[in-house]
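Sequence order for the protein chains is R and S.
Everything in the first sequence is counted per the numbering used here, starting at 1 for the first residue and increasing by one.
Everything in the second sequence is counted per the numbering used here, starting at 388 for the first residue and increasing by one.
Glycine residues also receive a C-beta, built at the ideal position from the N, C-alpha and C atoms.
Here the structure is a predicted model, which is why all the values come from computation and not from measurement.
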Amino acid sequence: MDFGFTEQEEAGRQEIREFLRQELGTVRTWTTPGEAISKDFTRKLAEKGWLGVGWPTEYGGLGRPYTEQLIYSEETMYYGAPSGSHILAQNMVGPTLIRVGSEEQKREYLPRILRGEITFCLGYTEPNAGSDLANCQTTAVPEGDDFIINGQKMFTSFAGQADYAWMTVRTDPNAPKKHRGISMFIVDMKTPGITVRPLETMWDYSLYEVFFENVRVPKNAVVGELNQGWHYLTVALDHERVFMGGVVAQHRRFFGELVEYAKNTYRNGKPLSKDPIVRQRLAQLATDLEIGRLFAYRVAWILGKEVIPFAEASMTKIFTSELEQRLANTAMQILGLYGPLGRGSRAPFDGYAGWEYKFSLMQAVGGGSNEIERILIAIAGLGLPRP
Amino acid sequence: MDLDLTEEQEMLRTMARDFLTKECPKTLVRELEEDEKGYSPELWRKMAELGWMGLVLPEEHGGMDMGFMDLIILLQEMGRNIVPGPFFCSVVLGSLPILSAGTEEQKKRFLPEIASGEMILTMALYEPNARYDASGVETKAVAQDNNFVINGTKLFVENAHIADYMICVTRTQEGASPEEGISLFLVDSKSPGIKCQVIPTMADDKLCEVVLENVSVPKENMLGELDKGWRIVTRALEHAIMAKCAEMVGGSEAVLDMTLDYVKERVQYGKPIGSFQVIQHYCANMWTNVATSRNLLYKVAWDLGEGLPVAKEIAMAKGWINQAYKFVTERAIQCHGAIGLTRDHDVGLYYRRAKAAELAFGDTDFQKELVAQQMGL
Chain R
1 MDFGFTEQEE AGRQEIREFL RQELGTVRTW TTPGEAISKD FTRKLAEKGW
51 LGVGWPTEYG GLGRPYTEQL IYSEETMYYG APSGSHILAQ NMVGPTLIRV
101 GSEEQKREYL PRILRGEITF CLGYTEPNAG SDLANCQTTA VPEGDDFIIN
151 GQKMFTSFAG QADYAWMTVR TDPNAPKKHR GISMFIVDMK TPGITVRPLE
201 TMWDYSLYEV FFENVRVPKN AVVGELNQGW HYLTVALDHE RVFMGGVVAQ
251 HRRFFGELVE YAKNTYRNGK PLSKDPIVRQ RLAQLATDLE IGRLFAYRVA
301 WILGKEVIPF AEASMTKIFT SELEQRLANT AMQILGLYGP LGRGSRAPFD
351 GYAGWEYKFS LMQAVGGGSN EIERILIAIA GLGLPRP
Chain S
388 MDLDLTEEQE MLRTMARDFL TKECPKTLVR ELEEDEKGYS PELWRKMAEL
438 GWMGLVLPEE HGGMDMGFMD LIILLQEMGR NIVPGPFFCS VVLGSLPILS
488 AGTEEQKKRF LPEIASGEMI LTMALYEPNA RYDASGVETK AVAQDNNFVI
538 NGTKLFVENA HIADYMICVT RTQEGASPEE GISLFLVDSK SPGIKCQVIP
588 TMADDKLCEV VLENVSVPKE NMLGELDKGW RIVTRALEHA IMAKCAEMVG
638 GSEAVLDMTL DYVKERVQYG KPIGSFQVIQ HYCANMWTNV ATSRNLLYKV
688 AWDLGEGLPV AKEIAMAKGW INQAYKFVTE RAIQCHGAIG LTRDHDVGLY
738 YRRAKAAELA FGDTDFQKEL VAQQMGL
């Protein structure tokens with residue numbers, strides 16, 4: 001057993017850290033980096049080859065092992081690198097195409113993803129397909145050399161900016177089981193018949209509704225084989241897991257700022273950090289962050305053995321999302337009356353705590369609600385019978 | 388980075404699990420709860436034959452020269468089987484401080500006998516004031532000719548009633564800080580002036596009150612330097628806390644396993660209760676607690692074995708694992724329903740031990756305060 005990092009891992013961390021420090025300094029990117037969009041910054045990462053940090057070298061990637069991918073993810077999250085215009089392509093679309101895409105699709109999309117030119121949104125959720133994703137009702141019906149898509153996607157991140165949708169559609173309405181009749185499509189968002197409407201959220205940026213009305217797409221929009229979409233969806237989710245662990249680093253940064261605040265802010269004549277309740281709360285968060293960080297490495301380690309860590313990955317998702325909520329809540333409690341103050345006012349951290357208090361709600365709902373993730377752990381990980 | 392156990396560690400684990408499943412069934416655990424001595428000399432002898440008491444001791448002192456991580460893995464299995472007896476106090480609290488702070492003469496005298504199981508040690512640290520820190524040490528040792536004379540009362544002393552020697556933590560001087568002026572002595576339990584009494588406990592784990600009245604100890608039995616004993620205690624506690632964590636993680640693994648078996652078999656409303664989402668959530672949460680505890684245990688034990696700074700990490704580990712083991716045993720009983728409340732069922736054995744283990748060496752509030760101090764708050 002060896003919990004230490006190799007020289008290569010340390011060197012990789014230093015390299016990306018140096019770059020991010022120079023590019024971003026210590027300025028807070030106010031929204032969460034995974035959601036912030038900057039084409040310019042994406043291109044800078046692309047020039048370094050970092051959009052394909054874990055991709056195989058034959059597809060232009062750096063071919064780094066999972067632990068190094070996690071290191072990359074930790075650093076970009078810590079420094080708040082805006083990643084919204086590449087994160088889905090980098091972690092889900094690209095790796096899934098490499099595994100199951102046609103040669104044509106690989107040629108078409110992979111180089112452009114690596115150059116940071118194209119942005120994807122993820123069209124899974126629908127009005128009647130939330131936790132029950134297999135209940136996808138958007139249809140794609142063959143017509144000549146094309147498919148005609150009709151239906152609606154909902155709560156779609158990045159749909160307002162994306163060049164392409166990576167989306168599930170129902171191609172076999174008569175399949176014996178719902179998830180067997182689903183295919184994965186790549187759809188150009190400029191195709192006629194697509195309408196995008198923003199859904200404003202509590203935390204000041206938008207999710208989207210996407211409407212498809214007789215949208216005609218060519219046959220080569222199908223990823224891999226027809227009606228195998230459910231399988232590809234789970235493959236794509238697995239790739240996301242290793243990066244999810246990196247989000248802990250983002251929280252570690254805010255936590256560090258909170259600790260400094262507690263040390264330097266006086267209430268009733270003494271620093272907040274001398275208050276026994278504040279001490280207990282901060283110590284608990286420090287422990288939670290360490291647990292989260294270590295577990296992310298466990299997940300990366302298991303992935304590196306070509307084993308898919310279903311239960312561990314779900315656990316990381318649950319743990320980090322609930323940690324984020326605890327962190328936000330604790331920060332608000334420590335700030336007291338200053339907690340709810342908004343941006344550009346007298347609020348500490350420029351109002352980040354209050355923003356995080358709202359945003360952190362999404363983490364426990366999006367990407368598989370924590371309730372569903374717990375059931376996945378129970379069934380896939382612990383062998384309990386299906387409900 | 389390599390987060391797997393080595394082949395040797397896997398073998399040790401399998402061997403320990405097989406051995407303890409066979410040699411330490413719950414019938415024996417229950418018997419020993421009622422037993423005056425609280426351990427099985429036969430099982431003790433067999434464990435000694437496997438080399439367990441000397442697992443981490445050097446070969447020259449009768450040990451097997453294995454690493455601290457190996458001991459952690461063994462203790463995890465012992466915790467899984469809630470093995471009663473003085474292994475923890477003799478090996479962890481007894482032999483490790485002698486190994487790290489003893490003179491050559493002391494090592495020669497004590498370690499081979501501990502390794503062979505012939506001698507049982509314990510540590511007399513805590514007192515009726517129930518403080519975890521150095522200021523709790525009030526028992527006095529005063530120099531007199533070639534001896535020290537000890538007076539005071541030690542409490543919560545593990546297995547003192549069967550120990551041959553105890554490492555007695557005493558105050559030899561009022562220092563500028565509570566940590567100064569503490570000295571350790573290897574005290575023969577049969578010395579005149581010692582009265583030992585077993586106290587009934589929730590975990591039936593044979594904690595003792597030890598009253599020392601003018602107990603004379605030869606100077607050569609001092610462990611470490613005069614007045615500078617607390618650093619030995621600190622070091623001993625680092626190992627002891629991680630060892631305790633290993634037992635707790637093993638216990639929580641066993642409880643999770645028995646709960647999963649139960650909820651798959653127990654049928655209500657015509658279905659196994661494990662198919663109900665509430666139970667699935669409980670089980671997922673239990674597993675999360677077990678998996679995070681195990682990961683943290685290995686990481687911090689590895690750090691400790693590598694000699695890295697670990698004061699904060701150890702406090703985090705104990706604080707976390709305290710809560711996790713307690714949570715897992717409590718949820719396990721809820722999943723078992725009424726059968727889990729009976730003395731006949733194994734799950735209650737763990738529930739009681741989880742609480743006792745939580746309070747040993749500092750509960751979570753105490754550990755969190757240590758974390759806060761280490762963070763510079």
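Query	Result
Test item: CB-CB of S:Ile537 and S:Leu599 under 7 Å	yes
Cβ-Cβ separation, R:Gly193 to R:Phe212 (assumed contact under 8 Å), whole Å	6 Å
Residue environment, S:Met589, which counts as buried when at least 16 other CB atoms sit within 10 Å	exposed
beta-carbon R:Val248 near the ligand SAH non-hydrogen atom, thresh 6 Å	Among the components modelled here there is no ligand, and therefore nothing to report on the ligand SAH.
Chain-ordered chain S contacts of R:Phe3 [CB-CB under 8 Å]	Met388, Leu390, Tyr685, Lys686, Trp689 and Asp690
R:Glu290 at chain S interface by Cβ criterion, 7 Å	yes
C-alpha distance - R:Lys190 paired with R:Gly160, whole-angstrom precision	11 Å
Pairwise C-alpha distance: R:Gln8 and S:Thr679	27 Å
Span of the beta strand (DSSP E), counted from its first residue to its last, around S:Lys582	Ile581 to Ile586
Pick from S:Val478, S:Phe572, S:Ala530 and S:Ile460 that is closest to S:Glu394, judged by C-alpha positions	S:Ile460
Reference S:Lys409, options S:Ala630, S:Leu498, S:Glu464 and S:Ser639, closest by Cα	S:Glu464
Min CB distance S:Trp674 to chain R below 7 Å	yes
Top-ranked residue by Cα proximity to R:Ile277, from S:Leu624, S:Leu736 and S:Leu764	S:Leu764
Cα-Cα separation between R:Phe147 and R:Gln105, rounded to whole angstroms	17 Å
Through-space distance from R:Ile186 to R:Trp230, alpha-carbon basis	14 Å
Beta-carbon neighbours of S:Phe784, restricted to chain R and to distances below 8 Å	With chain S covering 388 to 764 only, the question about residue 784 of chain S has no answer from this structure.
Cross-chain neighbours of R:Arg64 in chain S, by beta carbon under 8 Å	Those within 8 Å of R:Arg64 in chain S number zero; the least Cβ separation is about 13 Å.
Beta-bridge partners of S:Asn534, as assigned by DSSP	S:Gln531 and S:Pro605
Beta-carbon contacts of R:Glu143 that lie in its chain and below 8 Å, excluding the five residues immediately before and after	Arg216
Residue from S:Glu436, S:Lys541 and S:Ala547 whose Cα sits closest to the Cα of S:Pro499	S:Glu436
Residues that S:Glu756 contacts on chain R, provided the C-beta gap is smaller than 9 Å	Pro276, Arg279, Gln280 and Ala283
Residues from the region 691-709 of chain S in contact with chain R, defined by Cβ distance under 7 Å	Met703, Gly706 and Trp707
Coarse secondary structure for S:Val556, derived from DSSP in three states	strand
Interface flag, R:Ile149 vs chain S, CB-CB below 7 Å	no
Supposed contact pair S:Pro473 and S:Asn534 - C-beta distance, whole angstroms, cut 8 Å	The Cβ separation is near 27 Å, so there is no contact.
Chain R contacts from the region 733-754 of chain S (Cβ-Cβ distance under 9 Å)	Thr751, Asp752 and Gln754
Spatial distance of R:Leu376 from R:Leu233 (CA atoms)	15 Å
Option nearest S:Asp532 by Cα separation, candidates S:Leu407, S:Glu607 and S:Leu462	S:Glu607
Limits of the unbroken beta strand (DSSP E) element including R:Cys121	Phe120 to Gly123
Proximity below 7 Å, CB of S:Leu392 to CB of S:Asn468	no
Near-chain R residues of the region 438-453 of chain S - C-beta to any C-beta below 8 Å	none
Beta-carbon neighbours of R:Ile375, restricted to chain S and to distances below 8 Å	Gln664, Gln667, His668 and Ala671
DSSP beta-bridge partners of R:Thr139	R:Asn150 and R:Arg170
Three or more C-beta pairs below 8 Å linking the region 126-133 of chain R and the region 91-98 of chain R	no
Contact list for S:Thr716 against chain R, beta-carbon separation under 8 Å	By Cβ distance, chain R contributes nothing, its closest Cβ being about 17 Å from S:Thr716, past 8 Å.
Own chain residues within Cβ distance below 6 Å of R:Leu122, not counting five before or after	Leu88 and Trp166
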